[in-house]
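In the working numbering, the protein residues as written are 35 to 298.
For each residue, glycine too, the CB sits at the ideal point set by N, CA and C.
Working notes for the structure below.
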Amino acid sequence: MAAGQAGFDVMRVFCLSDIHIDYEENASWLSTLSTSDYQNDLLILAGDLTDRMELLATGLQQLAARFKTVLFVPGNHELWVTRSGQTNSFEKFNAVSALASDLGVTMQPFHDGSLSIVPLLGWYDYSFGMPTQELRDIWMDYRACQWPEGYDESTITRHFTQQNSQQRPPQSDTGTLITFSHFLPRIDLMPSYIPADKRILYPVLGSYALEQQIRRLNADIHVYGHSHVNRRVTLEGICYINNAYGYPGETRIAAKKLLCIHEQ
35 MAAGQAGFDV MRVFCLSDIH IDYEENASWL STLSTSDYQN DLLILAGDLT DRMELLATGL
95 QQLAARFKTV LFVPGNHELW VTRSGQTNSF EKFNAVSALA SDLGVTMQPF HDGSLSIVPL
155 LGWYDYSFGM PTQELRDIWM DYRACQWPEG YDESTITRHF TQQNSQQRPP QSDTGTLITF
215 SHFLPRIDLM PSYIPADKRI LYPVLGSYAL EQQIRRLNAD IHVYGHSHVN RRVTLEGICY
275 INNAYGYPGE TRIAAKKLLC IHEQ
């Protein structure tokens, strides 16, 4: 049965990340997404909708109107402050969180019967490798994000991942537990075909601290974003899924459609 054709007695879980609605083509896709096909369904939105607050409000409103529940974690783009009134990226995170809550989009754990979905915050701490000077020159976060004095990538990651310790696994281990984050929890999620010149980005893709938290929660599925490389792979008993919409030209590595990962 095609996506959108299931009866309302079935609840499906879809995932998507990195829609980047700053691009007109991407925003158009989102605005034309069916307003009726997903009314009984959940969407895991794993970050990077846009850094612009007014556009973020529009995108979250559109998704909240289309799905029964939208679960969200901000990506790195949401924490850029160069086009916002916030003085630092922690302040921007708080503003994004408040906006999501006001629009009915949740950043809290979700539980329904045998299904639990737990959002995990994160950043990158160079546990995947140290950045080169070339990466520091080209990576926008180094200019678009601002952090309070004394914070570096390691302490930023710790700030966010410590908040995840408040998340509790479900009381029963007989159901399905899905965790999700914007950032990658392990670098071997990147496929072997990635060319050498693109691997320069690996240090800013995520943190092994997330993997440790996913393992402690005993997740069945983990959804991530950020890399723009769509993939589904099982490693050590956990199914890892990336379904990024990506930039307009990324047609070979991004499927550019919703992906159903669970139903009940």
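Three-state secondary structure (DSSP) of residue i
i, result
"A37", "With a pLDDT of only 45 at A37, under the threshold of 50, the placement of this residue in the model should not be trusted, and no figure is reported."
"F194", "helix"
"I248", "helix"
"R117", "coil"
"S51", "strand"
"V130", "helix"
"N60", "helix"
"I234", "helix"
"I287", "coil"
"L269", "strand"
"E297", "strand"
"I255", "strand"
Beta-carbon separation (whole angstroms), residue i vs residue j, contact threshold 8 angstroms
i, j, result
"L137", "V238", "About 29 angstroms separates the two Cβ atoms, so there is no contact after all."
"I16", "H262", "Because the chain here runs from 35 to 298, residue 16 falls outside it and cannot be looked at."
"A134", "F106", "5 angstroms"
"V115", "K126", "5 angstroms"
"T195", "L244", "7 angstroms"
"G109", "H193", "In fact, because the Cβ distance is near 16 angstroms, the residues do not count as touching under 8 angstroms."
Per DSSP, the bridge partner or partners of residue i
i, result
"P153", "F214"
"L76", "V47 and T103"
"G240", "L218"
"F162", "DSSP, once it has assigned bridges, lists no residue as partnering F162."
"A278", "S51"
"H145", "S150"
"T140", "L105"
"H262", "For H262, which the question treats as bridged, DSSP gives no partner whatsoever."
"H111", "Answer is none; H111 lacks a bridge partner."
Cut-off 8 angstroms between Cβ atoms - residues of its own chain near residue i, not counting five sequence neighbours on either side
i, result
"G209", "G147, S148, L149 and S150"
Residues near residue i in its chain [Cβ-Cβ closer than 6 angstroms; skip 5 each side]
i, result
"I78", "C49, L105, F214 and V257"
"E59", "P282"
- For the 8 angstroms Cβ check, are there 3 or more pairs between the region 184-196 and the region 248-259? They do not touch, by the three-pair rule.
- Query: Does the region 49-59 touch the region 118-126, meaning 3 or more C-beta pairs lie closer than 8 angstroms?
  - Reply: Under the Cβ criterion (8 angstroms, minimum of three pairs), the region 118-126 does not count as touching the region 49-59.
- How about the region 55-71 and the region 226-235: do they share at least three Cβ pairs that are nearer than 8 angstroms? Not touching, per the Cβ criterion.
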